[in-house]
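Visitor:
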Amino acid sequence: MSISNLAYVDPKARLGKGVVVEPFAYIAGDVEIGDGSWIGTHAVVFDGSRLGARCRVFPGAVVGAIPQDLKFAGEYTTAVIGDDTTIRECATVNRGTAARMVTKIGNKCLIMAYAHVAHDCELGNNVILGNSTQLAGEVEVDDFAILSGGCLVHQFTRIGKHTMVQGGSRVLKDIPPYVIAGRDPITFCGLNIVGLRRRGFAGELVQEIQEAYRILYREGLNVTQALEQIAQDIRPVPEKDEIINFIKGSSRGLIRGGKEE
1103 MSISNLAYVD
1113 PKARLGKGVV
1123 VEPFAYIAGD
1133 VEIGDGSWIG
1143 THAVVFDGSR
1153 LGARCRVFPG
1163 AVVGAIPQDL
1173 KFAGEYTTAV
1183 IGDDTTIREC
1193 ATVNRGTAAR
1203 MVTKIGNKCL
1213 IMAYAHVAHD
1223 CELGNNVILG
1233 NSTQLAGEVE
1243 VDDFAILSGG
1253 CLVHQFTRIG
1263 KHTMVQGGSR
1273 VLKDIPPYVI
1283 AGRDPITFCG
1293 LNIVGLRRRG
1303 FAGELVQEIQ
1313 EAYRILYREG
1323 LNVTQALEQI
1333 AQDIRPVPEK
1343 DEIINFIKGS
1353 SRGLIRGGKE
1363 E
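Heads up: the sequence shown at position 221 corresponds to 1323 in this note's numbering, and the numbers run straight through without jumps.
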């Protein structure tokens, strides 16, 4: 462990083996930081923060600050960050409120500079938030989702796994898994074929996922009819269940289908 004499680390903070704390960083007492993590100069880690192993918090980033929510009444909440996650310059991660009690970021995530993760958000593993992307409270982002720079995500919105969201998008509705979303207003732009192939999805499976979204967005069916046809036409694979369950669980409604190119 290497702690600069110019940093402030509360004696009650629990730091793992090999943690490096650079000059002028601040670490509060109710903090846990896993083995091999690095806290950059002028980074701030407030009470309630739980960082996993090999995390990197870059200069000016703030983890575990109280929520920007007027309903917050000082209740004990946390901000939990998994292993191998990077939080770049001036990004902010607020802790939870009484709604969920915790803000969660999974393993191997990249939170780029000036991004914001608000209270009670839940990010899966391998999520990327581009520069200046802003998540409002209680947003859910599933594994391997990528939000390009400058996205604005409305409170309570859900973003499915393996999605790609165009930079500058205003996300007001749920984005189902495996798709590309973009334009203004935001719409379904097709399947994230390149991303799926990079992650080892077989060609036949990619075609079946594509067929499911053709049924949903191109057949002129309502959602109930589309779900019935997807259940009937697509062979039983976990990805089909993921799509169906996501759509059934959507409380804000789905992004709309764009016009054919």
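Beta carbons: idealized from backbone N, C-alpha and C, even for Gly.
Considering only C-alpha positions, which residue in the set 1329, 1355, 1356 is nearest to residue 1343?
Guide: 1329
Visitor: Please report the straight-line C-alpha distance between residue 1225 and residue 1125, rounded to a whole angstrom.
Guide: 30 Å
Visitor: Assuming residue 1161 and residue 1143 make a contact with CB atoms under 8 Å, what is their CB distance in whole Å?
Guide: 5 Å
Visitor: Where does residue 1207 sit, in a helix, a strand or coil, going by DSSP?
Guide: strand
Visitor: Less than 8 Å between the CB atoms is what I'm expecting for residue 1183 and residue 1153, so what's the real figure, rounded?
Guide: Residue 1183 to residue 1153, Cβ: 5 Å. Contact.
Visitor: List the whole-angstrom C-beta distance separating residue 1164 from residue 1146, where the pair is believed to meet the contact cut-off of C-beta under 8 Å.
Guide: 5 Å
Visitor: Tell me the DSSP secondary structure of residue 1242 in three-state form.
Guide: strand
Visitor: By DSSP's criteria, residue 1189 is part of a beta bridge. Which residues make up the other side?
Guide: Residue pairing by DSSP places residue 1189 opposite 1159, 1213 in a beta bridge.
Visitor: Starting from residue 1194, follow the beta strand (DSSP E) in both directions and report where the run begins and ends.
Guide: 1194 to 1196
Visitor: Tell me whether residue 1186 is buried or exposed, calling it buried when 16 or more other Cβ atoms sit within 10 Å of its Cβ.
Guide: buried
Visitor: Using a Cβ-Cβ cutoff of less than 6 Å, which residues in the same chain neighbour residue 1151 once the five nearest sequence positions on both sides are dropped?
Guide: 1133, 1165, 1166, 1181
Visitor: Quick check on residue 1107: buried or exposed, where buried means 16 or more other Cβ atoms within 10 Å of its Cβ?
Guide: It is exposed - the Cβ of residue 1107 has fewer than 16 other Cβ atoms within 10 Å.
Visitor: Closest to residue 1310 by C-alpha separation, out of 1295, 1301, 1252, would be which residue?
Guide: Each of 1295, 1301, 1252 was checked against the Cα of residue 1310, and the nearest Cα belongs to 1295.
Visitor: Are there 16 or more other CB atoms within 10 angstroms of the CB of residue 1326, so buried, or fewer, so exposed?
Guide: In the assembly as shown, residue 1326 is an exposed residue. Its beta-carbon has fewer than 16 other beta-carbons within 10 Å.
Visitor: Can you list, in chain order, the residues of its chain whose CB lies under 8 Å from that of residue 1350, leaving out five sequence neighbours each side?
Guide: Excluding sequence neighbours, residue 1350 sits near 1329.
Visitor: When you compare the stretch 1246 to 1260 with the stretch 1225 to 1234, are there three or more beta-carbon pairs, one atom per stretch, that lie closer than 8 Å?
Guide: Two segments are said to touch when three or more pairs of C-beta atoms, one from each, lie closer than 8 Å; by this definition the stretch 1246 to 1260 touches the stretch 1225 to 1234.
Visitor: What are the uninterrupted segments assigned as beta strand (DSSP E) that are 3 or more residues long and contained completely in the stretch 1247 to 1303, given in chain order?
Guide: 1281 to 1284, 1289 to 1293
Visitor: Quickly, what does DSSP pair residue 1359 with across the bridge? List them, please.
Guide: 1290
Visitor: Closest to residue 1176 by C-alpha separation, out of 1201, 1194, 1156, would be which residue?
Guide: The residue with the shortest Cα to Cα distance from residue 1176 is 1201.
Visitor: Compute the Euclidean distance between the alpha carbons of residue 1312 and residue 1211, then round it to the nearest angstrom.
Guide: 27 Å
Visitor: Mapping the DSSP letters down to three states, classify residue 1181 as helix, strand or coil.
Guide: Strand at residue 1181.
Visitor: Note the first and the last residue of the continuous beta strand (DSSP E) segment covering residue 1167.
Guide: 1164 to 1167
Visitor: Name the two residues that bound the continuous beta strand (DSSP E) containing residue 1153.
Guide: 1151 to 1153
Visitor: Helix, strand or coil, according to DSSP, for residue 1231 in the structure here?
Guide: strand
Visitor: Suppose contacts are defined by Cβ-Cβ distances below 8 Å. Is residue 1275 in contact with residue 1355 by that definition?
Guide: yes
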